[in-house]
Structures are given as structure tokens and as C-alpha cells.
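Visitor: Could you have a look at this structure, given as C-alpha cells, before my questions?
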Amino acid sequence: MQRQVALIKQSLFDQGYLDEQFIELEELQDDANPNFVEEVATLYFKDSARLISNIEQALERGSFDFNRLDNYMHQFKGSSTSIGASKVKTECTMFREYCRVGNAEGCLRTFKQLKKEHATLRKKLEQYFQASK
Amino acid sequence: MTVEQQDCVALDQFPVGMRVLAVDDDQTCLRILESLLHRCQYHVTTTNQAQKALELLRENKNKFDLVISDVDMPDMDGFKLLELVGLEMDLPVIMLSAHSDPKYVMKGVTHGACDYLLKPVRIEELKNIWQHVVRKNRGSNNGDKKDGSGNEGVANSDQNNGRANRKRKDQYNEDEDEERDDNDDPSSQKKPRVVWTVELHKKFVAAVNQLGFEKAMPKKILDLMNVEKLTRENVASHLQKFRLYLKRISGNQQAIMANSDLHFLQMSNGLDGFHHRPIPVGTGQFHGGAAAAGMRPFPPNGILGRLNTPSGMSGVRNLSSSPSSGMFLQNPTDLGKFHHVSSLPLNHIDGGNILQGLPMPLEFDQLQTNNNKSIIAGNSMAFPIFPTQQQSSLPNNNNHLVLEGHPQAPPSAFPGHQINKRLEHWSNAVSSSSSTLPPPGQNSNSLISHQFDASSSSYSIPFCDSTIPLNPALDHTNPRAFYRATDMDSSANVQPGVYYDSLQMRKSGNYGPTTDAMLSSNNPKEGFTVGQQKLQSGFMGGEAGSLDDIVNSTMKQEQSQGDLSEGDLGYGGFSSLRTCI
Numbered sequence: 001m002q003r004q005v006a007l008i009k010q011s012l013f014d015q016g017y018l019d020e021q022f023i024e025l026e027e028l029q030d031d032a033n034p035n036f037v038e039e040v041a042t043l044y045f046k047d048s049a050r051l052i053s054n055i056e057q058a059l060e061r062g063s064f065d066f067n068r069l070d071n072y073m074h075q076f077k078g079s080s081t082s083i084g085a086s087k088v089k090t091e092c093t094m095f096r097e098y099c100r101v102g103n104a105e106g107c108l109r110t111f112k113q114l115k116k117e118h119a120t121l122r123k124k125l126e127q128y129f130q131a132s133k
Numbered sequence: 001m002t003v004e005q006q007d008c009v010a011l012d013q014f015p016v017g018m019r020v021l022a023v024d025d026d027q028t029c030l031r032i033l034e035s036l037l038h039r040c041q042y043h044v045t046t047t048n049q050a051q052k053a054l055e056l057l058r059e060n061k062n063k064f065d066l067v068i069s070d071v072d073m074p075d076m077d078g079f080k081l082l083e084l085v086g087l088e089m090d091l092p093v094i095m096l097s098a099h100s101d102p103k104y105v106m107k108g109v110t111h112g113a114c115d116y117l118l119k120p121v122r123i124e125e126l127k128n129i130w131q132h133v134v135r136k137n138r139g140s141n142n143g144d145k146k147d148g149s150g151n152e153g154v155a156n157s158d159q160n161n162g163r164a165n166r167k168r169k170d171q172y173n174e175d176e177d178e179e180r181d182d183n184d185d186p187s188s189q190k191k192p193r194v195v196w197t198v199e200l201h202k203k204f205v206a207a208v209n210q211l212g213f214e215k216a217m218p219k220k221i222l223d224l225m226n227v228e229k230l231t232r233e234n235v236a237s238h239l240q241k242f243r244l245y246l247k248r249i250s251g252n253q254q255a256i257m258a259n260s261d262l263h264f265l266q267m268s269n270g271l272d273g274f275h276h277r278p279i280p281v282g283t284g285q286f287h288g289g290a291a292a293a294g295m296r297p298f299p300p301n302g303i304l305g306r307l308n309t310p311s312g313m314s315g316v317r318n319l320s321s322s323p324s325s326g327m328f329l330q331n332p333t334d335l336g337k338f339h340h341v342s343s344l345p346l347n348h349i350d351g352g353n354i355l356q357g358l359p360m361p362l363e364f365d366q367l368q369t370n371n372n373k374s375i376i377a378g379n380s381m382a383f384p385i386f387p388t389q390q391q392s393s394l395p396n397n398n399n400h401l402v403l404e405g406h407p408q409a410p411p412s413a414f415p416g417h418q419i420n421k422r423l424e425h426w427s428n429a430v431s432s433s434s435s436t437l438p439p440p441g442q443n444s445n446s447l448i449s450h451q452f453d454a455s456s457s458s459y460s461i462p463f464c465d466s467t468i469p470l471n472p473a474l475d476h477t478n479p480r481a482f483y484r485a486t487d488m489d490s491s492a493n494v495q496p497g498v499y500y501d502s503l504q505m506r507k508s509g510n511y512g513p514t515t516d517a518m519l520s521s522n523n524p525k526e527g528f529t530v531g532q533q534k535l536q537s538g539f540m541g542g543e544a545g546s547l548d549d550i551v552n553s554t555m556k557q558e559q560s561q562g563d564l565s566e567g568d569l570g571y572g573g574f575s576s577l578r579t580c581i
């Protein structure tokens, strides 16, 4: 089990899903906070799910309010960075860049990719936490 | 760590146990931050709403040592929170953001942030944030020396000091008139904070006023204030806060009018409640602490109605000679902060320097005493004090007025609106005008001239811009209301005072801000009244004798002018004004 955990974790890093920030979080976990990382991850996914749905709605409306989209994405990026969700963060940055130049098509494309990465990360982390228990 | 534990531990282990308030709308980040802070052994309170954070801070000013706040928050801009915390509680605030744009960092700096951290925050960065608490304390306590005595923690006025905060809190709540200059913990590096008491603040405002609000520089203010153990840094930070405060409240007139003045000091001193002498001051806010003044709150009355007077014009009461209070200036709209001015007890220094637009019966007797205090009007401008002479001209009236005046005070009689400008103008005028009083040349100012003659000191009479529209309300309101912004110093240091004659205001047009203008006006009364905003500075010398003379001559003059109907104005003295108007 331990090995499995280690493997999962390693792959997450190797594949760039997670970065050093995640390690920092793990370091914060201690006896006083035994499930800290998992708690934070849960919070993150909850929050980000909400953000994603907001962004989705905004995009579906068709009228691209780049400012607002950018704001959402800024938030998203912030929390993704805090948890060390590296790939998600990258997609956020790209999305914001498209917003900046007003490229709706680019936004849509990036958003799709972002959702994908987000879902993948979620699954993998869930696996990871399961294995760690 | 429980609070109690924290107390004991904190005393010697700062920064361990430092109390931090973390604010971030992002739950993930907040959780992480909380954990990081715990790891640094701080005591952490979190909230994801800026409003809640403010509430927490307001409910107990001594509860936290430091605030860390995110920049982008839905319910309130982080910078706004930063500003408010700085003004109200004077706690160090660290901004947190994922924005690394230098613009934001700059904004943080200009709004007073102690530091700006980028997300994701690393624990190394958080390990050193306690330095901001120490730094802030040292800065404000710079002038105070640690005497290393008694460490009850109480003596430590540093409210940011997490140590012994309980005791300190209690003590702090006691009347603190003086600056605390002792530091309870010899081993701590923190210096006691300077407590800006009402007295001190008055001096501060007087100095600023003298220099001119725009030109006030900390060094000069410090020199003028001449307070031992106060440093330029203390003054500079207080000035900054004051300015921010003024700016802030000028936008919130309604809400704050009543309490803003007091709030300023309260906030800046971290004290709450009016246990100190509540003296509403335009912007000066004198903090209650002025026990020295022994002023009683002046019950708001009609005149003061607008003023919300938690602080009352107790100053007036103090006047031995007459019950009338000093002038109340209220600047209802303009500064929003002007709110009632406490009566200025002429006799005392604390003398009310509150100049508020409201016409209040002047306490002439007070004037005689010459306490010249700059009146701090909304903008910490001292209002010119009417020469005692003038005031003395209304002694009877004054009393008379005082008694009834309040209810009649025209609420809006304050030219308040432009008080700001006026004050500034006035202030500048004052500073720039020579100390000698321009000869009253024309008629009207016979009063003034009398005064001048009688007075041994010279003074200038700046006028404020008459940008303030006359207040029609004045018409039926208490015509006798006068505003007397400040006590006159018996010394040669004349402070211009704002003198409002409600009648005048009502009737007269705007007066140009020059003494000469005033002097040349045809309205004899103009000499000593300010139409809307005329500021007259008169110096009322301390000589009672001269005052009497002046009064007499004034009275005579007035009488000669027209009918003096006591009833009309409440004091005979003004009747002529009325007619002139």
C-alpha cells in the first residue's frame, strides 16, 4: 500500500500534475493536522467546481465578458497554485492570456483543456488519498 | 493555544502566540494560510469575509496583532479593508495576492500595507511577519522611552503587542491621557505606542492648522507641538492617518457626521467608547481621554442637532463665566466629519477646538481667557477664534443664547460645507498673514478695530472662501449663533477663529477670504461675523478690561446701527447685524 501511494504520488509529480507546493502542504500535515492535505484538496475541488460552473455559464451565454472571465480565472489560478495543481495552473494562465487579447475561441479551447486536467487531477488525488488511508 | 495560555506564553515568547487575523475569500488558500500560520506558532483567526473581519477587529481592538488579507475579495476590496484597518485600528496589515503586478504592490504600499506577499505563500515568508508588529510599535513609540518598569503589560500601550494583551487591554481601557512611555517588558524590543490623546491630538491639529493643512510637515508639526518624547515618526504616521481619515469621512458624511470626529481619535488610539472626554471635533476628534478638559458632553440640542454630539460641548460648561459653550462648528456636508464642535472652553486649553459649522453661542467669557486653541475643524484646521472682544460683545447674549440657543440653532447653519476649504483657506491665510491685524479700515469693523486696539496681540483675519451658500435655515434659526472656533490664545499667537453669525450667514453673501474684504464690507457686523464662512480671526487678548471696552463700544455701535432687539437675536449685539444684513 505504501508503495502504491508512493507510486501514485511520484507519477503525479512526474506528469506535472503537482508541483512543490503540494509538498509544502504535506509538510504542514502533522499530528495536529493529520488529514490536512486531504482537507485542503477537498476544499479546493469544491471551490473550483463552483468556479468552473460559473465560467461555464459565462461562456455559454455567448457574450464574452473577458473581464469577468478573467476574474474568475484569477481566482481559480490562485487556489490551484496554492494547492500545487500545476497543470491546472498552466491552463488558467493560458486562459487568462486569451482573455487579455479577447480571443474567445482560444478561451473556449483552453477551458475545455482545463476542465480535463482538473478532472484528471481530482481522480488521481482521490486515488492517492484512498491509498494513503 | 488558548488565549490564557497565550498570554502567559506570549509575554516572553513573542512572536510565538502573535495573534493574526487572516482574511481570504478563497477557502483553499485560507485553510492553507491558517495552517502555515499555525506552523509558525501564531494564534490564528480566519474569516473569508472582509466585513466579518472588520467586525472582529472592531469588537475588540486589542484582540489582534496583525492582519493578513487577500486583495481580491468579493465583498470588499482588500485595499479598502487595509485602509480601514489602518485608520481604525492601526494594526499592521499584510496584503496577499496572486497578482504580482507591481501596480498592486504599489497600491498596497500607498494604502499603508506593511508588506505584500505573493501566493502561494511560503512558510518562510510567514515566519518573519512578526517584524511588522514590532516595527509598528517601535515607530509609534519612538518618542517614548522604555523605563523597563513594571511589566504588567498594562503599561504597555502597545496594543499590537500580543503579549499581555489581556491586561493591557484592561488597562488600556482606562483613561489614558498621557502617552504611555513605559514598556512593560524590558526584554521586548517593542516600544510603547504613542497614544494620541485628545490633548495631544489637539496640539497636533493646532499645529497642522497653524502650518496649513496642505503644508503641514511632520517635522514642523512636531516642532510646533513641542511635546517631549514625541518623534517625527509618530507625527508622520498620525498625520497620514489623519489625512486618510479625513478623506474617508468626507465621503461619508451622513453616517459619520455624528461620530466621526470622535472616531478618529478613538480609532487611532485604539480606544473605544467615550470614556474619555467626548469632545466632538470637526476632524480633530478629540478622544474622550480628555479628562483634563473635564468637559461634559454637551447635550445635543437643536443647534447641535446636527451635530451628533456624543461629545458634548462640555467645554462650555466649564466656562466659569458663562454657560454658553464655545462654538460649534459643524460641517455637515462638506467634511461630513464635522460634527458638533464641543464647546470651547475658552478658559482652557483644551478648549474646544472644535469648530463646527454650527453656530453656537459663543462663550465670550471664555474668550477672554484667551486660551487660544486652534480649533480643529473638520480638517484639522483651526478655526480662527474671534477676538475676544467680539465675543465679549455678546456676553449677555451669549448666555442668553446658550440657554436657548441650542434648540434653535439652525442646524444647517453651518457653512459647513465648505468648511474644509474654508479652513484650509483660512489656515493658509492665517499662516501667511502677518501677525498684525490689518486695520479695520472701514466702518464695519469698528468692532474689529476696537478689538484690535484693545488687544495687545495682533492677529490676522483670514476669511474663508465664501463658497458656502448661505443657509437659509439660519433665518429663523438662532441668529445668535456664533461660531467660535477656537480659543484665543492670550499669547501673541493668534489663531484665527471662525466666527459665524448665523444671521450673518444667512443674510450676507459670501465674503471673500480676506480680512480687507471683510473690513470693507458695509455690514458692520461683518467685521466679526462670517457670512457663511467668514473666518475672522480675532485675537482676544486676555485683558478683560479691554474686552469690556470693546464690548461696550461694540454694543454702542450696534445700537447705533439699528434697533437692538434682544428678542430678535438673542443678543442685542447682533441686532444691528441683522439690520445691516
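Residue numbers (full-length UniProt numbering), protein chains in the order written: chain A, 1 to 133; chain B, 1 to 581. Glycine included, each C-beta is placed from N, C-alpha and C at the ideal position.
When we look at the beta-carbon of ILE23 (chain A) and count the other beta-carbons within 10 Å, is it buried (16 or more) or exposed?
Guide: Burial is judged here by how many other beta carbons sit within 10 angstroms of a residue's own beta carbon; ILE23 (chain A) has fewer than 16 and is exposed.
Visitor: Pick helix, strand or coil for VAL227 (chain B), following the three-state DSSP scheme.
Guide: coil
Visitor: Would you list the one or two residues that DSSP bridges to TYR116 (chain B)?
Guide: Paired residues: B:MET95.
Visitor: Using a Cβ cut-off of 7 angstroms, which residues of the stretch 42 to 56 of chain A contact any Cβ in chain B, in chain order?
Guide: LEU43, TYR44, ASP47
Visitor: Buried or exposed, going by whether 16 or more other CB atoms sit within 10 Å of the CB of ASN523 (chain B)?
Guide: Note that ASN523 (chain B) has pLDDT 44, beneath the 50 cutoff, so the model's placement of it is unreliable and the number below is only indicative. Buried: at least 16 other Cβ atoms inside 10 Å.
Visitor: Buried or exposed for ARG50 (chain A), please, with buried defined as at least 16 other CB atoms from any protein chain shown within 10 angstroms of its CB.
Guide: exposed
Visitor: Between the Cα of TYR116 (chain B) and the Cα atoms of B:SER69, B:LEU91, B:LEU84, which residue gives the shortest distance?
Guide: B:SER69
Visitor: In its own chain, which residues sit with a C-beta less than 7 angstroms from the C-beta of SER100 (chain B), not counting the 5 before and 5 after it?
Guide: LEU118
Visitor: For the stretch 119 to 143 of chain B, enumerate the residues whose C-beta is nearer than 9 angstroms to any C-beta of chain A, in chain order.
Guide: Residues of the stretch 119 to 143 of chain B whose Cβ lies closer than 9 angstroms to any Cβ of chain A, in chain order: LYS119, PRO120, VAL121, ARG122, ILE123.
Visitor: May I ask which residues mark the beginning and end of the beta strand (DSSP E) holding ALA22 (chain B)?
Guide: 19 to 23
Visitor: Using DSSP with H/G/I as helix, E/B as strand and the rest coil, what is VAL195 (chain B)?
Guide: Of the three classes helix, strand and coil, the one that applies to VAL195 (chain B) here is coil, per DSSP.
Visitor: According to DSSP, is ILE129 (chain B) helix, strand or coil?
Guide: coil
Visitor: Rounded to a whole number of angstroms, what is the C-alpha to C-alpha distance between ARG31 (chain B) and LEU28 (chain A)?
Guide: For ARG31 (chain B) and LEU28 (chain A), the distance between alpha carbons rounds to 11 angstroms.
Visitor: Please decide whether GLY17 (chain B) counts as near chain A, where near means a Cβ-Cβ distance under 7 angstroms.
Guide: no
Visitor: Report the neighbours of ILE83 (chain A) on chain B: residues whose CB is nearer than 7 angstroms to its CB, in chain order.
Guide: THR28
Visitor: Please name the residue in B:LEU211, B:LYS80, B:LYS202, B:ALA236 whose C-alpha comes closest to that of PRO218 (chain B).
Guide: B:ALA236
Visitor: So with CB distances below 7 angstroms, who are the chain B contacts of ASN33 (chain A)?
Guide: SER35, listed in chain order.
Visitor: Using the beta-carbon count (16 or more within 10 Å), is TYR128 (chain A) buried or exposed?
Guide: buried
Visitor: Report the residue from A:THR42, A:ILE55, A:GLU38 whose alpha carbon sits nearest the alpha carbon of LYS115 (chain A).
Guide: A:ILE55
Visitor: For residue 600 (chain B) versus SER82 (chain A), is the C-beta distance shorter than 7 angstroms?
Guide: A query on residue 600 (chain B) cannot be resolved here, the shown segment of chain B reaching from 1 to 581 and no further.
Visitor: If you reduce the DSSP assignment to three classes, tell me which class ASP184 (chain B) lands in.
Guide: Below a pLDDT of 50, predicted positions are generally treated as unreliable, and ASP184 (chain B), at 44, falls in that range; the measurement from the model is reported next regardless. Three-state result, ASP184 (chain B): coil.
Visitor: Report yes if the C-beta of HIS74 (chain A) is less than 6 angstroms from at least one heavy atom of the ligand MN; otherwise report no.
Guide: The ligand MN is absent from the structure shown, which contains no ligands of any kind.
Visitor: Can you tell me which of the three DSSP states ALA85 (chain A) falls into?
Guide: Of the three classes helix, strand and coil, the one that applies to ALA85 (chain A) here is strand, per DSSP.
Visitor: State the Cα-Cα distance for the pair VAL88 (chain A) and VAL195 (chain B), rounded to the nearest angstrom.
Guide: The straight-line gap from Cα to Cα measures roughly 50 angstroms.
Visitor: Would you check if the distance between the CB atom of ASP47 (chain A) and the CB atom of GLN27 (chain B) is smaller than 7 angstroms?
Guide: yes
Visitor: Which class does SER250 (chain B) belong to by DSSP, given the choice of helix, strand or coil?
Guide: Correct three-state label for SER250 (chain B): helix.
Visitor: Would ALA206 (chain B) count as contacting chain A if we go by Cβ distances under 7 angstroms?
Guide: no
Visitor: Excluding the 5 residues flanking VAL133 (chain B) on each side, which residues of the same chain have their C-beta closer than 7 angstroms to its C-beta?
Guide: MET18, ASP65, LEU66, PRO92, ASN160
Visitor: Whose Cβ in chain A lies nearer than 9 angstroms to the Cβ of ASP72 (chain B)?
Guide: ASN71, HIS74, GLN75, GLY78
Visitor: Under three-state DSSP, which class holds VAL109 (chain B)?
Guide: helix
Visitor: Helix, strand or coil: how does DSSP classify SER63 (chain A) here?
Guide: DSSP places SER63 (chain A) in the coil class of the three-state scheme, outside both helix and strand.
Visitor: Going along chain B, which residues have a C-beta under 7 angstroms from VAL40 (chain A)?
Guide: THR28, ARG31, ILE32
Visitor: Using the three-state DSSP reduction, which class does ASP72 (chain B) fall into: helix, strand or coil?
Guide: If DSSP states are grouped into helix, strand and coil, ASP72 (chain B) belongs with coil.
Visitor: What residue range does the alpha helix (DSSP H) around VAL5 (chain A) cover?
Guide: 2 to 14
Visitor: Let me confirm a value: ILE385 (chain B) is counted as buried when at least 16 other C-beta atoms fall within 10 Å, else exposed. Which label applies?
Guide: With a pLDDT of only 40 at ILE385 (chain B), under 50, the local geometry of the prediction cannot be trusted, and no value is derived from it.
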